[in-house]
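For the sequence shown, this note's numbering assigns the number 10 to the initial residue and increments by one for each residue that follows.
Even for Gly, the Cβ is constructed at its ideal location relative to N, Cα and C.
The structure presented is a predicted model; accordingly, all values stated were derived computationally and were not measured.
Report on the structure given below.
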Amino acid sequence: MIRSVSVASLLVFGLLASCGQDEMGNEAPVAKKLTDEAIAQNNRGVGLMGSFDYDGAWQTFSPLAEQYPDNLQLQVNLAISQLNRQQEGDEDRALEILEGVLQKDPEHLNALYVAGVLQTNNGNTPESHERFRVVAERDPEDAYAAYFTGQTLLQMDRAEEALEWYERAMSLDPYLRSATYGAAQAARRLGKRDESGLYLEQFQAMAENPRARLAEIKYTRMGPRAEVKVLGEDLAMASVKPSGPLWSLYNWIHQKKFIGETMPNVTACDIDLDGKVEVFIVGVHQANDNRSSRVYKHKPDRGWMMDSRPALCAVDDVNTVLWGDVDGNGWPDAYLCRKGGNQLWLQDDGQWKVELSIEAAEGMPRDTVDGAIFDADHDGDLDIFAVNADGSNVLLNNNRDGTWRQVGSEEGLPTGDHGSRQIVVADLDNDRDLDLVIINETAPNEVYLNDRLWRYQKAPGFLAFESMPITAAIAGDIDSDGQVELISFSQDREVHVWQKQNDWLPKLIRSFSSDDGSDGAGQSMLTLLDVDGSGKKTLLVSDSGKVVSVNPNLPDQSGELNDPLFLNCLTMTPVIFEPGKGYSLFAITGNATGKELKMKILDPGSGRYPFVDVSFTGKHDEGQSMRSNASGIGTRYAARSGSRWHMGRVLRDDSGPGQNLQPVAIGLGPQPRLDFLAIEWSDGVYQTELGLSESTVIEETQRQLSSCPVLFVRDGDGQMFVSDLLGVGGIGFRTGRDSVVTPRPWERFLMPESVLMEHDGRYEITIAEPMEESCYLDSLRLVRWFLPPGWSMTLDERMGTGAPLPTGDPVFYRTALKPSMCKDNMSGEITEALLEVDGVAVEPVDHDVRFMGRLARNHQLELSFDQPLDSLPGTPVLVLDGWVEYPYSQTNFAAWQAGATYDPPTIEARGEDGTWIVVAEKAGYPAGMPRQMSLPLASLPQGADALRITSNLEIYWDAAMVIGSEPCPGARKQSLPLYSAVLFDAGYPERRNGPQKRPGFDWSRRAPLWDTRFQRGMHSLHGDVFPLIEKTDSALAIFGPGEAVECAFTAVPPPSGLGAGGSFRFVLEIDGWCKDKDLFTQDGDTIEPLPVDLAGEAQRLHEQYNTRWMGGY
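In structure tokens:
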């Protein structure tokens, strides 16, 4: 089963597990018993609400509420659907319904609470306060009610009381971020600046924690009492904790005696993609078989079967294996860590071959004892770190062009000669990239923070960790707070947990004595797993061959005597053999001499909750660019089931050596399904999946994450999508490791004809942010150009990547020359596609699947004309309509590494002698979604009658012509006064791409929530932002995902003196910037630094309007 769906298209199954109850927890009394059909219809309405189909839910609840007027929770369900529907009069009608409920039951807590929400939104603070206070007092465990009580008190300038309620909400739910922010505001008003600062630090620290939540006037964000409830029997009964052991009895692999001269090793991977995980064992052989590697697969009808036929098994001196899909073709590959030259084996359709290109980058052959495959630079492919026992370690960068490069001291990773034993890959500073912990044979150890762009720095705060002699280490979020911990096993046989405070300091968890009943032959190993399916992590410690369970969240447990899982264990690894049952343990045991080895498996016992096995993959369909690696390695996830959380990352869950590639087992606890699974892919993209109850493969949703602010115009009662804006003003947009584009802070946009219509004396437009980015809007002007009969206009506008640079000025013309013949090097003749602006473009077919927005070879268009271009009156100007598929900063960085360039269009002209001459090199292109660009052709050769346009950008050319640009003395410009500008929570218009990736948005289908996060920083308050955008003055209206500015311009009469028969065109003049949250965008996680210097009136306006702190989930 494959899933790649968004939040807005699935049911919020967690809602289906709650019932309509009164304030005492009992089913509310009803005068008329609901039929089974009525219960089913109500619950269907609950499901529609969960998928954000509010109108559909309202239509479902309405006849039921009429049929059962005394079922009060049904009435509340109707009111909730109506207030979220947000049509005219809906809030008033919803409040009427709730008041009717409260007349029948004045203490119906859900009705009181939802009425309070509505009255808060409508400005009736005193009444809403009384209702929230009643709910909070009657239900002292309701954190949201406590929060809203505090919020209403603060709005009434009762800061001291408000602070008490905020602190109460914080104690009830530490992850309700809004309460912490409210406490900071209240403390500040009371003059408690230090206390306010501490609360604000707490608030900001939770920005990247998936468990943290904001209270907002949006469905599923207002608190549980503002969510619709199922009626009748609970549809999803929680399961009782199973009885029985966590592990079954040993399952032996019965073979002839195994022999080992070196330390054996075992890793796990579904090597042949048959849905069954195999184990790959190295360092053991049998008397009649000298191959030291073999594959074991379990077949239900035949038991354990050995296979030593794969080519990998013939390679000698292998210490361990790292598994991952290095070439992104869907088949797992293997990096063999050897004593000698390491080998990368690539697999395609079951066939193996050695990748020779990596050998040159590896350098001198070493004794590689461990390693890691992961996306070190977050460019979408897999890199390799090799841990060497007899020399410097090696980090190999995958250039994504079939070559590899060694990363070393120039990038901040010293190349010392001391031997190492292990690598831990983890996000230590919680900044979304992966850092490195290197465990050396002797202290000191090494810790490096990833600053991205192949820059590492020595991590501060790890002095104690670095100086401790450590034999094994692992990383994991043991307390599900969003911050990873380190766990170490020392040479003194002590287990420590290291948590981030000011410095990383150890907490002793367990120490071991020498009298353990084992012969000391095994290596130190740590494994961190959810064993019982509850979501809580168990630490398995292998000490001198003895394997025991330890609770990583409890202090010193040295006095406890746990029954060992294994004795004389030489190596082990967790493996998922049985779907839905969690992990088994596969171990190789033996005596100190290594002459007699045994293979044992501990399978899941009957005392576990069910699991959901999830495989993550960045791979999408062929022909589409891929932003995350195909193995999903490095993906961060947070799963919620009921009140339980399970957090982790797709990195190895043991200390190695070696790296498995298998699904992640997520325990359901007593719930029948995961309420939701929040995913952050290795490229920084955020995605959520809802209602998982069975094992699944989750693909990264290949959607447009950012572009530019999107333009809509008033169309009757709705809004019509036009294009996007400020593509030229992207802040921090990276074109390589060390190069960032200088944004142009203005754009002039020629509105398509007949799009902007007058409504009630005004022209209305909306600039929205439906993606994961922010807009910094400085000013907005609407001008109207009146043209004499026979004249037309365009603008000197484009993404200016070369000379001449655009001016934004109007370009007037009377004569236009369309091409008589068009052809390209991909499709042949394409004349019809370029004659009219009709949304049918020339198809650039040869896409570079490595890098979005790039073609594998140049696309070259040749336009022929029936007359020389210099015969046109005035200056010839090339006018092109079309749209472009933009890359992201991450894509540009990845392409830079591979030496792949993005080449903007170069224009050549054919002179009368047949010679082609460059007239504009890498000059520019349409800056985003459908729009018109122009380019003056000032240096045409004499008699030029053909143009050639060459680029490897993914540009969809819709129309082409050459015009004769002339001055137009009769043209008149009229500025329309800005009447109003309002920032509001618009939601996310549904993206509807047409053929050829032609973008579109449906304003009538807006989701209130989407898989986006705000950049951290101060945003503009919702409401009037007129003073921020009325003029270009560095006072910025700042808004983010799901928000929009609606502007109205007064439709003043045309100027006097215009002749008859003319025409007019609208031009939108916009000043501002935008910035996306791509992992490689410079300062992409924050609003600051601002693109302007604040002073005087601009600073005053920012202090007045830009005080809404947003950030994170």
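Exercise. Is it true that the CB of A484 sits closer than 9 Å to the CB of L495?
Worked result: Yes, the pair counts as a contact, with Cβ atoms nearer than the cut-off.
For this session: State buried or exposed for A37, treating a residue as buried only when at least 16 other CB atoms are found within 10 Å of its CB.
Result: The pLDDT assigned to A37 is 46, lower than 50, so where the model puts this residue is not dependable, and the model offers no usable value.
Exercise. At what residue ranges does the stretch 495-538 contain a whole run of the beta strand (DSSP E), taking only runs of 3 or more?
Worked result: Assignment of beta strand (DSSP E) within the stretch 495-538, counting only whole runs of 3 or more residues, yields 503-509, 513-520 and 534-538 in chain order.
For this session: Classify E1106 as buried or exposed, calling it buried when 16 or more other Cβ atoms lie within 10 Å of its own Cβ.
Result: Exposed, since its Cβ has fewer than 16 Cβ neighbours within 10 Å.
Problem set entry | Three-pair Cβ contact test at 8 Å for the stretch 743-750 versus the stretch 779-789 | Short answer: they don't touch.
Problem set entry | Check whether M1119 and F1023 have beta carbons under 9 Å apart | Taking 9 Å as the cut-off, the beta carbon of M1119 is found closer than this to the beta carbon of F1023.
For this session: Could you check which residue in F394, F874, Q96 and A947 has the C-alpha nearest to that of L814?
Result: Selected option, being the one with the closest Cα: A947.
For this session: Evaluate contact between the stretch 306-320 and the stretch 612-623, counting only Cβ atoms and requiring at least three cross-stretch pairs below 8 Å.
Result: In the pairwise beta carbon analysis, the stretch 306-320 is classified as not touching the stretch 612-623: fewer than three pairs are separated by under 8 Å.
Exercise. Considering W892, what are the terminal residues of the beta strand (DSSP E) in which it resides?
Worked result: Unbroken beta strand (DSSP E) run through W892: T884 to V893.
Exercise. Is it the case that the Cβ atoms of S187 and R222 are separated by a distance below 9 Å?
Worked result: Going by beta carbons, S187 and R222 fall inside the 9 Å limit.
Exercise. So, V1127 versus F620, is the Cβ gap smaller than 9 Å?
Worked result: Any question about residue 1127 goes unanswered here, given that the chain covers just 10 to 1122.
Problem set entry | Unbroken beta strand (DSSP E) run spanning V971, endpoints | Unbroken beta strand (DSSP E) run through V971: I964 to S974.
Exercise. How many whole angstroms separate the CB atoms of V858 and I964, which I take to be in contact at a CB cut-off of 8 Å?
Worked result: Actually they do not touch by this definition, with Cβ atoms about 17 Å apart.
Problem set entry | Rounded straight-line distance, which links the Cα of Q96 to that of F537 | The sequence given here has Leu at residue 537, not Phe. Our two residues, L537 and Q96, have alpha carbons roughly 51 Å apart in a direct line.
Exercise. CB-CB under 7 Å to L163, same chain, minus the five flanking residues each way: which ones, in chain order?
Worked result: Excluding sequence neighbours, L163 sits near A171, G191, Q194 and A195.
Exercise. Mind checking E455: buried by the 16 CB within 10 Å criterion, or exposed?
Worked result: Flag for E455 reads buried.
Exercise. Where DSSP assigns a beta bridge to G312, which residues make up the other side?
Worked result: K308, per the DSSP bridge assignment.
Problem set entry | Beta-carbon proximity of E108 to A124, cut-off 9 Å | Cβ atoms of E108 and A124: closer than 9 Å.
Exercise. Buried or exposed: G632, going by 16 or more other Cβ atoms within 10 Å of its Cβ?
Worked result: In this prediction, G632 has a pLDDT of 43, which is less than 50 and means its spatial position is unreliable; what the coordinates show is noted afterwards. Around the beta carbon of G632, fewer than 16 other beta carbons lie within 10 angstroms, which makes this residue exposed.
For this session: My understanding is that G739 touches V750, with C-beta atoms under 8 Å, so please give their C-beta distance in whole angstroms.
Result: About 7 Å; that satisfies the 8 Å criterion.
Exercise. Counting along the chain, where does the alpha helix (DSSP H) carrying G200 start and finish?
Worked result: If you look at G200, you'll find it isn't in any alpha helix (DSSP H); DSSP assigns it neither H nor E.
Exercise. For the stretch 651-659 against the stretch 673-684, are there 3 or more C-beta pairs whose distance is under 8 Å?
Worked result: Taking a cut-off of 8 Å on C-beta distances, the stretch 651-659 touches the stretch 673-684, as three or more cross pairs fall below it.
Problem set entry | CB contact flag (L887, T959, <9 Å) | For L887 and T959, no; Cβs fall outside 9 Å.
Problem set entry | Whole runs of the alpha helix (DSSP H) within the stretch 154-234, excluding any shorter than 4 residues | Given a length threshold of 4 residues, each whole run of the alpha helix (DSSP H) inside the stretch 154-234 is given here in chain order: 168-181, 186-198 and 202-214.
Problem set entry | Contact check, Q213 vs I280, beta carbons under 9 Å | Inclusion of Q213 and I280 in the CB contact set at 9 Å is not warranted, their separation being larger than that value.
For this session: Determine the burial state of K467: buried for a count of at least 16 other Cβ atoms within 10 Å of its Cβ, exposed for fewer.
Result: K467 should be labelled exposed.
For this session: Count the other C-beta atoms from every protein chain shown that fall within 10 angstroms of the C-beta of F383, then say buried if there are 16 or more, exposed otherwise.
Result: Residue environment analysis places F383 among the buried positions, since at least 16 neighbouring C-beta atoms fall within 10 angstroms of its C-beta.
For this session: Please list the segments of the beta strand (DSSP E) lying wholly inside the stretch 91-137, counting only runs of 3 or more residues, in order along the chain.
Result: Listed in chain order, nothing qualifies, since the stretch 91-137 has no complete beta strand (DSSP E) run of 3 or more residues.
Problem set entry | Sequence-distant residues of the same chain with beta carbon closer than 8 Å to A850, five excluded per side | Only A842, G891, W892, Y965, W966, D967, Q1005 and R1007 meet the Cβ criterion.
Problem set entry | Contact check, A969 vs C831, beta carbons under 9 Å | Their beta carbons are under 9 Å apart, which means A969 touches C831 by this criterion.
Problem set entry | Distance between N297 and V378 (C-alpha atoms, nearest Å) | Between the C-alpha atoms of V378 and N297 there is a straight-line separation of about 27 Å.
Exercise. Between the C-alpha atoms of F22 and S401, what's the straight-line distance to the nearest angstrom?
Worked result: With a pLDDT of only 30 at F22, under 50, the local geometry of the prediction cannot be trusted, and no value is derived from it.
For this session: Leaving out five residues on either side along the sequence, give the residues of the same chain with a beta carbon under 8 Å from the beta carbon of P341.
Result: Counting only residues of its own chain and dropping the five nearest sequence neighbours on each side, P341 has a CB closer than 8 Å to the CB of C278, D279, I280, L282, W332, G333, D334, Q356, S640 and L670.
Exercise. Using CA coordinates, which residue listed in D512, I448, V659 and L57 is at the minimum distance from T229?
Worked result: The shortest Cα separation from T229 among D512, I448, V659 and L57 belongs to L57.
Problem set entry | Segments of 4+ residues assigned as alpha helix (DSSP H) that fall wholly inside the stretch 326-394 | Taking only runs of at least 4 residues, the alpha helix (DSSP H) segments lying wholly in the stretch 326-394 are 368-371.
Problem set entry | Three-state class that DSSP yields for Y63 in the structure shown | Looking at Y63 - three-state DSSP - the assignment turns out to be helix.
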